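Remember, my numbering sits 7 above the position in the sequence shown when you count from 1.
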Amino acid sequence: MQPGMRGEDFVLVQGMRDTRTTLAGWNRRPWRTLGPWLAGSAAIAVALLASVWIIARLSQPDATPLLPPGLYRPGTLGDVGFVLYRNSLVLALHGMACVAGFIAGSSLPLASERYTGIWRTIHDRAGPLAIGFVVCATTFSLCTQAYVLGNGASTLAAQLDLSPALLLLAISGHAFPELVALFLPLAAWIIASRRRDWHELLAATFVTVTLAVPVLVLSAFVEVYASPRLLVALVT
Numbered sequence: 008m009q010p011g012m013r014g015e016d017f018v019l020v021q022g023m024r025d026t027r028t029t030l031a032g033w034n035r036r037p038w039r040t041l042g043p044w045l046a047g048s049a050a051i052a053v054a055l056l057a058s059v060w061i062i063a064r065l066s067q068p069d070a071t072p073l074l075p076p077g078l079y080r081p082g083t084l085g086d087v088g089f090v091l092y093r094n095s096l097v098l099a100l101h102g103m104a105c106v107a108g109f110i111a112g113s114s115l116p117l118a119s120e121r122y123t124g125i126w127r128t129i130h131d132r133a134g135p136l137a138i139g140f141v142v143c144a145t146t147f148s149l150c151t152q153a154y155v156l157g158n159g160a161s162t163l164a165a166q167l168d169l170s171p172a173l174l175l176l177a178i179s180g181h182a183f184p185e186l187v188a189l190f191l192p193l194a195a196w197i198i199a200s201r202r203r204d205w206h207e208l209l210a211a212t213f214v215t216v217t218l219a220v221p222v223l224v225l226s227a228f229v230e231v232y233a234s235p236r237l238l239v240a241l242v243t
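Right, dumping it as structure tokens:
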């Protein structure tokens, strides 16, 4: 560590150095990194859709009808904006899981080396606790999404007199790529945590969010303007 540099400064410099090195390595072999991320994200998306289908089959449809944009009224750019806002919150949660993993698994161990006594103990314990919190928060998010989407699918399927399976198949044109994009940071977190490559997670946050945003924008337009037309065609 350079003279006059604080421990926090060293951790920041080391973190940015690790991130640049990681990005340079990925740039040389992009598909070696993106392939496992996409496969993992697609697996999570399929598992979530299967959970939604099971919950929709078991749930009692709500008596209050759903009025999704584009189905009972023309879709608008405001509807697209609302879809993007809703999905951006989920993407932010998964992106922050990557950042938290980087801090807990890489930055905190570096910082703890510059402390002794109780402060070192706090830094050593904080990492595993933060990782555990990320796991619990992500699990809660997935379970909540499955429950809410499953109940909504049950209600909408009953309204349109469709089976939940056919409904999910009809909306998969936007739902599947949307979910894959949303779960990219989570897939990167899982893969890095299994390899103990915590120092790669800040770079993974930048890359996965950058890749996810255009997919989410396109999926939002499909959800508002294209998927409702397919549903109308199925029920008429």
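Note that beta-carbon positions come from the ideal geometry of N, C-alpha and C, so glycine has one too.
Computed from a predicted model, the values in this text were never measured in an experiment.
Local conformation of residue i per DSSP, three classes
i, result
"Tyr-92", "helix"
"Pro-235", "helix"
"Gln-152", "helix"
"Pro-192", "helix"
"Asp-204", "coil"
"Asp-168", "coil"
"Leu-74", "coil"
"Pro-81", "coil"
"Thr-212", "helix"
"Met-8", "Confidence in Met-8 is poor, its pLDDT being 44 and thus under 50, which makes the residue's placement unreliable; the coordinate value appears in the next sentence. The answer is coil: DSSP assigns Met-8 none of H, G, I, E or B."
"Thr-243", "coil"
Delimiting residues of the alpha helix (DSSP H) encompassing residue i
i, result
"Ile-1", "An answer regarding residue 1 cannot be provided, because it is not within the stretch 8 to 243 covered by the chain."
"Arg-36", "No alpha helix (DSSP H) contains Arg-36, which DSSP labels as neither H nor E."
"Pro-68", "Here Pro-68 belongs to no alpha helix (DSSP H), and DSSP marks it neither H nor E."
Cβ separation of residue i and residue j, assumed to be a contact under 8 Å, to the nearest whole Å
i, j, result
"Leu-91", "Val-224", "7 Å"
"Leu-30", "Phe-109", "Contact doesn't hold; Cβ gap of about 13 Å is too wide."
"Ala-52", "Phe-183", "6 Å"
"Val-141", "Ala-107", "5 Å"
Practice prompt. Kindly confirm or deny that the region 56-74 and the region 157-170 touch, where touching means at least three C-beta pairs closer than 8 Å.
Written response: yes
Worksheet item: Is the region 179-197 touching the region 23-39 in the sense that three or more CB pairs, one from each, lie closer than 8 Å?
Response: no
Discussion item. Counting beta carbon pairs with one atom in the region 80-99 and one in the region 221-240, are three or more of them shorter than 8 Å?
Written reply: Result yes; three or more Cβ-Cβ pairs closer than 8 Å.
Discussion item. Across the region 50-67 and the region 172-192, are there enough close Cβ pairs to call them in contact, namely three or more that are closer than 8 Å?
Written reply: yes
Discussion item. Could you check whether the region 201-220 touches the region 98-114, counting it as contact only if at least three pairs of C-beta atoms, one from each stretch, sit closer than 8 Å?
Written reply: yes
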